[in-house]
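Asks:
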Amino acid sequence: MSQAPESLTAKLIPIYIMGKRYEVPETLTIMKAIEHAGYKFIRGCGCRGGICGACGTVYRRPGDYRIHVGLACQTVVEPEMVLTQIPFYPANRASYDYATMEAVGAAVGALYPELFRCVACNACTKVCPMDVEVMDYIAAVKRGDLAEAMRLSFDCIQCGLCASRCMGELPQYHIAQLVRRLYGGKLAPATDHVDAMVKKIADGYYQQKIDELKKMSVDELKKLYTAREQEPHQAPELWKAKSAEGL
Ligand code: FES
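Structure, rendered in structure tokens:
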């Protein structure tokens, strides 16, 4: 006899979504609990895997003055939590000509002069659901150390929660993205295998395969996707793809 899904047997706990009380299975992530409560995601949900940054969520616990944060797709519900999602937070994003831009801190500062409004309060770091040292990478940009800013901001998933708490009104995550682009394209040492792959793509090596995929039905695509060779969950570092095609 097949077992009932966990969401049908788990204990129900109360949570508050945008101020309204719902009873949801205690085992669910916030994202699944929101869906369990009857909401349908149109925004605020992308990868469901902790990568895309679409599902930033803030919540409070009963009797706790602090704001807590998490990614709705990764964070499990808690009894009596009061939550809302912040799938987008407005933040200034500069336009620039990447090709002519110099990869130096002064160039970043010229595009984002608000960098120097940072008062080092560290609210950005405290609110980051990825535990990125946001204040520290901003400090690195200010002193022109783009390599360090790139390293410190590498795990940023662009959820924008840092900008939501910043008293200096910085768009930290846009600044970090620019720094990583500058570092990756203009400062990091060139690698032969990347150059070779870029050339392969530019020469149309994959075009025939792309054309074939575009002609397939949804069912054919699903079948192909399901049958693909997959990296194992355990010890992926020991795994090697059978074919180096596309790597
Ligand atoms: S849905 Fe992509 S990080 Fe949560």
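Going by this note's numbering, the residue at position 221 of the sequence shown is 723; the numbering climbs one at a time, nothing skipped.
From the three backbone atoms N, C-alpha and C, an ideal C-beta is built for every residue, glycine too.
1) In terms of residues, what are the limits of the alpha helix (DSSP H) holding Val629?
2) What I want to know is whether the C-beta of Leu573 ends up closer than 8 Å to one or more non-hydrogen atoms of the ligand FES.
3) Given 8 Å as the limit, tell me if Ile536 has its C-beta closer than that to any heavy atom belonging to the ligand FES.
4) Can the beta-carbon of Ile515 be found closer than 9 Å to that of Glu580?
5) Using a 10 Å radius around the Cβ and a threshold of 16 neighbouring Cβ atoms, would you call Arg682 buried or exposed?
6) What are the uninterrupted segments assigned as alpha helix (DSSP H) that are 4 or more residues long and contained completely in the stretch 613-672, given in chain order?
7) Count the other C-beta atoms from every protein chain shown that fall within 10 angstroms of the C-beta of Ser745, then say buried if there are 16 or more, exposed otherwise.
8) Which residues mark the beginning and the end of the beta strand (DSSP E) in which Tyr518 is found?
9) Classify Leu749 as helix, strand or coil using the three-state DSSP reduction.
10) Less than 8 Å separating the Cβ of Cys620 from some heavy atom of the ligand FES?
11) Considering only the beta carbon of each residue, do Pro631 and Gly572 sit closer than 9 Å?
12) Any idea what DSSP makes of Thr559, helix, strand or coil?
13) Touching or not, the stretch 635-644 and the stretch 604-617, by the rule of three or more beta carbon pairs under 8 Å?
14) Take Arg562 and list the residues in its own chain whose beta-carbon comes closer than 6 Å to its own, dropping the five residues that flank it on each side.
15) Which runs of the beta strand (DSSP E) fall wholly inside the stretch 564-605 and span at least 3 residues, in chain order?
16) Going by DSSP in three states, Glu528 sits in which element: helix, strand or coil?
17) Can you tell me the Cα-Cα spacing of Trp741 and Val560, whole angstroms?
Replies: A quick look at the data gives this:
1) Note, Val629: alpha helix (DSSP H), 625-629.
2) At least one heavy atom of the ligand FES is nearer than 8 Å to the Cβ of Leu573, so yes.
3) Flag unset: Cβ of Ile536 not near the ligand FES.
4) Cβ distance < 9 Å, so Ile515 and Glu580 count as in contact.
5) So Arg682 counts as buried.
6) Complete alpha helix (DSSP H) runs here, min 4: 625-629, 636-644, 648-655, 663-667.
7) Around the CB of Ser745, fewer than 16 other CB atoms lie within 10 Å, so the residue is classed as exposed.
8) Counting along the chain, the beta strand (DSSP E) containing Tyr518 begins and ends at 514-519.
9) Summary for Leu749: the model assigns pLDDT 46, below 50, so the residue's position carries little reliability; its value from the coordinates is reported in the next sentence. Looking at Leu749 - three-state DSSP - the assignment turns out to be coil, as it is neither helix nor strand.
10) Not one heavy atom of the ligand FES lies closer than 8 Å to the C-beta of Cys620.
11) The answer is yes: Cβ separation under 9 Å.
12) Correct three-state label for Thr559: strand.
13) The stretch 635-644 vs the stretch 604-617: in contact.
14) Excluding positions up to five away in sequence, the list reads Val584.
15) Entirely contained in the stretch 564-605, the beta strand (DSSP E) runs reaching 3 residues are, in chain order, 570-573, 584-587.
16) Here DSSP, grouped into helix, strand and coil, assigns Glu528 to coil.
17) Roughly 37 Å separates the two Cα atoms.
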